[in-house]
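Asker:
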Amino acid sequence: MSVEINKEEKIENAKFEAIISDKRKWNSVSEVAKAIKLLRKIRFKTKLYYLILYELIDRVNVLTKGKYYELESVMDEIFF
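Add 979 to a position in the sequence shown, counting from 1, and you land on the number used in my numbering.
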């Protein structure tokens, strides 16, 4: 049983690393939306999960300069 948990944790950690390693690509709204989509697939919601999510949301806000209509299009891209 613990072997299965360790495998799942390793897979989840690999997903985190994939998202973080693409951080240099976070210069466009669509790249940030892709990262958020990947983040949403992670099953274990840890402190690292929320830190990355906060950073991604902050990045979207910076890229769109807080304009509501642009934020709405990002949310559409992420959730639909």
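Yeah, the Cβ is synthetic: ideal placement off N, Cα and C, and Gly gets one too.
1) What do you get for L1035, buried or exposed, if any count of 16 or more other CB atoms within 10 angstroms of its CB means buried?
2) How long is the line joining the alpha carbons of V1039 and N985, rounded to whole angstroms?
3) Hey, how far is the Cα of E996 from the Cα of K1046?
4) Please classify T1043: does DSSP put it in a helix, a strand, or coil?
5) Please report the distance separating the alpha-carbon of V1041 from that of T1025.
6) So for M980, helix, strand or coil by DSSP?
Answerer: In terms of the structure at hand:
1) buried
2) 33 Å
3) 30 Å
4) helix
5) 25 Å
6) Any answer about M980 is weak, because its pLDDT of 47 lies below 50 and its placement is not dependable; what the coordinates show is given next. Taken through DSSP and simplified to helix, strand or coil, M980 comes out as coil.
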